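Novice:
Numbering (my numbering), first residue to last: 32 to 178.
(1) Which residue wins for smallest C-alpha separation from residue 86, given the options 110, 99, 138, 105?
(2) Go ahead and pull the three-state DSSP assignment for residue 66.
(3) Do residue 113 and residue 173 come within 9 Å of each other at the CB atom, strictly closer than that value?
(4) Please work out which residues of its chain come closer than 6 Å, Cβ to Cβ, to residue 100, disregarding the five sequence neighbours upstream and downstream, and give them in chain order.
(5) Can you give me the start and stop residues for the beta strand (DSSP E) that residue 172 sits inside?
(6) In terms of alpha-carbon separation, which member of 93, 107, 65, 72 lies closest to residue 135?
(7) Identify, in the order they occur along the chain, each residue of the same chain with its Cβ nearer than 8 Å to the Cβ of residue 171, setting aside the five sequence neighbours on each side.
(8) Within 10 angstroms of the Cβ of residue 133, are there 16 or more other Cβ atoms? Answer buried if so, exposed if not.
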């Protein structure tokens, strides 16, 4: 009988420890849900990729930037992450100042786009124009339930 009481007391103590952690875990869960909502706004879902690509291309036409190639590639999914990276390469011709304005606009798009490399070279004899090669990533939200 004493043994049963001792076992029950241990279970009650363990239950109290778990119950004491419940409120902080609820708060952490709420904070994580808020963060997820933010990420869902900033990271396009796979089905929204065409809209993102059009947004990037349309941004080019706002400035005096001519593009010769714009090549999105397959998404590489990060292991155990809710997102993947979609590499994109672009070759452009523009003045330095038009390029800066374009990059500023890309930075302020409502999606996360990360410019990884930027190469500049003189475009022929025109001193004001540059050949520009850009490698960048768009971050994409993984579909729920897929890994």
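Note that the Cβ used here is the ideal one computed from N, Cα and C, for glycine as well.
Predicted model only: the values in this text are computed from it and were never measured.
Specialist: This is what the structure gives:
(1) Nearest option by C-alpha distance: 138.
(2) helix
(3) Contact: yes.
(4) So the list reads 122, once near-sequence residues are dropped.
(5) 160-172
(6) 93
(7) The answer, listed in chain order, is 74, 75, 76, 77, 80, 106, 114, 115, 116, 117.
(8) buried
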